[in-house]
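So the sequence lines, in the order shown, correspond to chains A and B.
Under the numbering used here, the first residue of the first sequence carries the number 1, and numbering increases by one thereafter.
Under the numbering used here, the first residue of the second sequence carries the number 1001, and numbering increases by one thereafter.
Data block below; observations after.
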Amino acid sequence: MKILETKNLIKRFNGVNAVDRLSIKIEKGQITGIIGPNGSGKTTLINLLSGVLVLDDGEVILNKTKKLSRILPYQIFSYGITRTFQNVRLFEQMTVLDNILVVITERNAFSSLFEKHTEYHYKLAKEILQKVGLWEKKNQLAVNLSYGQRKLLEIARALAMKAEIYLFDEPFAGLFPEMRKVVSDIVQGLKRKNKTIILVEHDMGLIREICDYVIVMNEGKLLAEGKPADVLKKREVIEAYLGN
Amino acid sequence: MAYLIHLAILFAIYAILGMSLNLVVGYTGLLSITHAAFYGIGAYTTAILLTKTGAGFFTSLILGIFITIAVSFLVGIVLSKFKGDYYSIGTLGFNTIVFAIFLNWQNLTRGPLGIPGISRPKLFGINFDNNFVFLILALVFLILVYFVSRFIVNSSFGRVLKAIREDETAIAVFGYNTLYFKLIIFIISAVIAATAGSLFASYITFVDPSGFQLMESVFILAIIILGGLANLRGPILGALFLTLLPEILRFVGFPADIAAQMRQVIYGVILVLLMLYRPQGLVGEYKL
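Here it is, written out as structure tokens:
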């Protein structure tokens, strides 16, 4: 079943189409890799799908029924979407524990005034932080974590959302092998739970290993799509990466 | 002793102002330079009602709060369109407008002449004419504001405020409509500032526009930066330091003809040194 589709998405920056009439379909319960050379519009696409950037044209269709031509960042939670960022964006001057608690407590501004985190929230945060091996660091400020730990905390924050669609923007970049294994296990674990993962990634080995489907972007357009083994052999894909 | 009580009352009023501004600047990361405007709205509401209508202090306080809620709601909506430095400049503009109203709406505010003859509060037969009794009232308000602030920052709401300060887009994608959070804390902060204004007007028994200029907003900002942002004790220490320091410098013994100027210079130098060697303030948990 198609859980997410885009139809003729356009995003312009100073007259240049960073995403150019992009129409793609994402299958539920699969890991879809988005690849392409630098500047091909992968992160822009993630930003459009998460409302961080405003669509200039086109629409996003969720579950075949919900058509969206304007997405605001705070709405994506209610659509069952969550994300990580290419450049890690944590709440730096807050503790590791608070980085998780803040996204699982009351969302209504007025009600949240009268809410303190409960044992339920604490246990949930503990469970998630243990999964990424950061529970011992719960009282440290996020700014004091190492690069790899910061990436893991960001993934943990997304996991806490219990979303249906996970947009992961280069979650493996710059990680040591053992941390890559942790992230890879998390991503595949989500798939086993029938969650949908959209993964922007540069590591072709990893794409082959964990993705069910690959979408190749170049200059904001769809260049190729299909199963990783087939797509990565295509001449135009190799040329886009390596040049003529 | 009377002098010390006077200083203590001023300290309490500035600590209340600092604590309320800390909610917006320290916890939410919005560099607002307009607190004197709301402080002034509270002060003028009390001054006008007490001198022209014969209403009681607490009635004027409540009306001042309602006016402040309405004004801060509208200003907050407009300011929500701005980010970063532009936000600060927007707040600065609002302070300038309010000051101009105090100065020029002569029928209501008597302009630069100010409003004299404001009476002291009376409640349940207690008359606050005595400065010591007024000090107790000011301290009660200070303690109340401290606990309200603590309640807010320890709530889930307070945690979201900090997240907005750290990265507004990031917290938004997790389902938080940050506009509401910013608006609510801006209104709460403004209401507390108006309360401090009511106290001030009733204590000094006179208001004029000069007390609510931009420089007053900068002074309140200095209190919280010096004391320490995003810490509940920060504004208290900052207010203590900035109300007492000029007074202590009176006793240094400069020659009479340059004493006032020297006090200003030393006051300024101490502030610069503190910012150089302790930019997070005395007990701050966050740097701008």
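Even for Gly, the Cβ is constructed at its ideal location relative to N, Cα and C.
Residue of the options minimising C-alpha distance to residue i
i, options, result
"Leu1221 (chain B)", "B:Asn1131, B:Leu1030, B:Gly1054 and B:Phe1200", "B:Leu1030"
"Leu62 (chain A)", "A:Val103, A:Asn87, A:Met1 and A:Ala18", "A:Met1"
"Asn1131 (chain B)", "B:Leu1007, B:Val1078, B:Asp1208 and B:Gly1268", "B:Leu1007"
"Leu1142 (chain B)", "B:Phe1011, B:Ile1270, B:Arg1278 and B:Gly1227", "B:Phe1011"
"Ile1188 (chain B)", "B:Gln1261, B:Ile1171, B:Ile1152 and B:Ile1258", "B:Ile1152"
"Arg1278 (chain B)", "B:Leu1226, B:Arg1233 and B:Pro1246", "B:Leu1226"
"Lys162 (chain A)", "A:Glu92, A:Ile100 and A:Ser23", "A:Ile100"
"Ser1032 (chain B)", "B:Ser1217, B:Asp1257 and B:Gly1042", "B:Ser1217"
"Ala1070 (chain B)", "B:Tyr1146, B:Tyr1203 and B:Leu1183", "B:Leu1183"
"Gln93 (chain A)", "A:Glu127, A:Val143, A:Gly80 and A:Gly133", "A:Val143"
"Val132 (chain A)", "A:Ala156, A:Ala125 and A:Phe110", "A:Ala156"
"Tyr1003 (chain B)", "B:Leu1135, B:Gly1197, B:Tyr1267 and B:Phe1174", "B:Leu1135"
"Val1269 (chain B)", "B:Tyr1146, B:Gly1175, B:Leu1249 and B:Leu1074", "B:Leu1249"
"Lys151 (chain A)", "A:Ser111, A:Lys234 and A:Ala173", "A:Ala173"
"Arg1233 (chain B)", "B:Gly1018, B:Ile1101 and B:Ala1170", "B:Gly1018"
"Ala158 (chain A)", "A:Thr84, A:Val231 and A:Thr6", "A:Thr84"
"Ser1088 (chain B)", "B:Met1275, B:Val1075 and B:Ala1100", "B:Val1075"
"Leu1103 (chain B)", "B:Leu1274, B:Val1207 and B:His1035", "B:Val1207"
"Phe1241 (chain B)", "B:Phe1254, B:Pro1255, B:Leu1271 and B:Val1252", "B:Leu1271"
"Gly1084 (chain B)", "B:Thr1096, B:Thr1028 and B:Ile1062", "B:Thr1028"
Min CB distance residue i to chain B below 7 Å
i, result
"Ala156 (chain A)", "no"
"Lys46 (chain A)", "First, the residue type needs correcting, since residue 46 (chain A) is Ile and not Lys in the sequence shown. No, no contact with chain B."
"Val54 (chain A)", "no"
"Gln93 (chain A)", "yes"
"Arg192 (chain A)", "no"
"Ala109 (chain A)", "yes"
"Pro73 (chain A)", "yes"
"Thr105 (chain A)", "yes"
"Phe77 (chain A)", "yes"
"Ser184 (chain A)", "no"
"Leu113 (chain A)", "yes"
"Lys162 (chain A)", "no"
"Ser50 (chain A)", "yes"
"Lys116 (chain A)", "yes"
"Val88 (chain A)", "no"
"Asp169 (chain A)", "no"
"Asp203 (chain A)", "no"
"Asp20 (chain A)", "no"
Rounded Cβ spacing between residue i and residue j (contact assumed at less than 8 Å)
i, j, result
"Glu1285 (chain B)", "Asn1231 (chain B)", "5 Å"
"Thr1068 (chain B)", "Phe1038 (chain B)", "6 Å"
"Asp95 (chain A)", "His121 (chain A)", "First, the residue type needs correcting, since residue 95 (chain A) is Thr and not Asp in the sequence shown. The Cβ separation is near 14 Å, so there is no contact."
"Ile1013 (chain B)", "Ala1193 (chain B)", "About 10 Å separates the two Cβ atoms, so there is no contact after all."
"Asn8 (chain A)", "Asp57 (chain A)", "7 Å"
"Ser1149 (chain B)", "Lys116 (chain A)", "Their Cβ separation, rounded to whole angstroms, is 15 Å, which puts Ser1149 (chain B) and Lys116 (chain A) out of contact at 8 Å."
"Ile46 (chain A)", "Val216 (chain A)", "So it is not a contact: roughly 15 Å between Cβ atoms."
"Asn1022 (chain B)", "Ile1164 (chain B)", "Incorrect: roughly 15 Å between the Cβ atoms, too far for contact."
"Trp135 (chain A)", "Leu141 (chain A)", "Contact doesn't hold; Cβ gap of about 16 Å is too wide."
"Val52 (chain A)", "Thr1169 (chain B)", "6 Å"
Cutoff 7 Å: residue i Cβ touching any chain A Cβ
i, result
"Val1173 (chain B)", "yes"
"Glu1247 (chain B)", "no"
"Tyr1286 (chain B)", "yes"
"Arg1150 (chain B)", "no"
"Ile1184 (chain B)", "yes"
"Phe1082 (chain B)", "no"
"Ser1210 (chain B)", "no"
"Glu1166 (chain B)", "yes"
"Thr1169 (chain B)", "yes"
"Arg1263 (chain B)", "no"
"Ser1032 (chain B)", "no"
"Arg1159 (chain B)", "yes"
Which residues DSSP lists as bridging residue i, in chain order
i, result
"Val19 (chain A)", "A:Lys11"
"Tyr1286 (chain B)", "B:Leu1229"
"Asp1257 (chain B)", "According to DSSP, Asp1257 (chain B) bridges with nothing at all."
"Val183 (chain A)", "In the DSSP output, where bridge partners are listed per residue, Val183 (chain A) has none listed."
"Asn218 (chain A)", "A:Lys221"
"Thr32 (chain A)", "A:Ile198 and A:Tyr213"
"Ile26 (chain A)", "A:Leu4"
"Asp57 (chain A)", "A:Ile10"
"Val1207 (chain B)", "B:Ile1115"
"Gly226 (chain A)", "A:Val214"
"Lys131 (chain A)", "Answer by DSSP bridge pairing: none, since Lys131 (chain A) is not bridged."
"Lys66 (chain A)", "A:Leu62"
Any non-hydrogen atom of the ligand HEM closer than 6 Å to residue i Cβ
i, result
"Phe172 (chain A)", "Among the components of this structure there are no ligands whatsoever, and the ligand HEM is therefore not found."
task: Could I get the ranges of all uninterrupted beta strand (DSSP E) runs contained in the segment 145 to 170 of chain A, with 3 residues as the minimum, in chain order?
output: For the segment 145 to 170 of chain A, the full-length beta strand (DSSP E) segments reaching 3 residues or more read 165 to 169 along the chain.
task: Kindly provide the ranges of any alpha helix (DSSP H) runs that are 4 or more residues long and lie completely inside the segment 1075 to 1128 of chain B, ordered along the chain.
output: 1084 to 1104 and 1106 to 1109
field: Continuous alpha helix (DSSP H) assignments of at least 4 residues falling wholly in the segment 1144 to 1203 of chain B
entry: Here the runs fully enclosed are 1156 to 1166 and 1168 to 1172.
message: Suppose only complete runs of 4+ residues qualify. What are the alpha helix (DSSP H) ranges in the segment 1237 to 1281 of chain B, listed by chain order?
response: 1259 to 1277
query: Can you list the alpha helix (DSSP H) stretches of 4 or more residues lying completely in the segment 1009 to 1064 of chain B, in chain order?
result: 1035 to 1048
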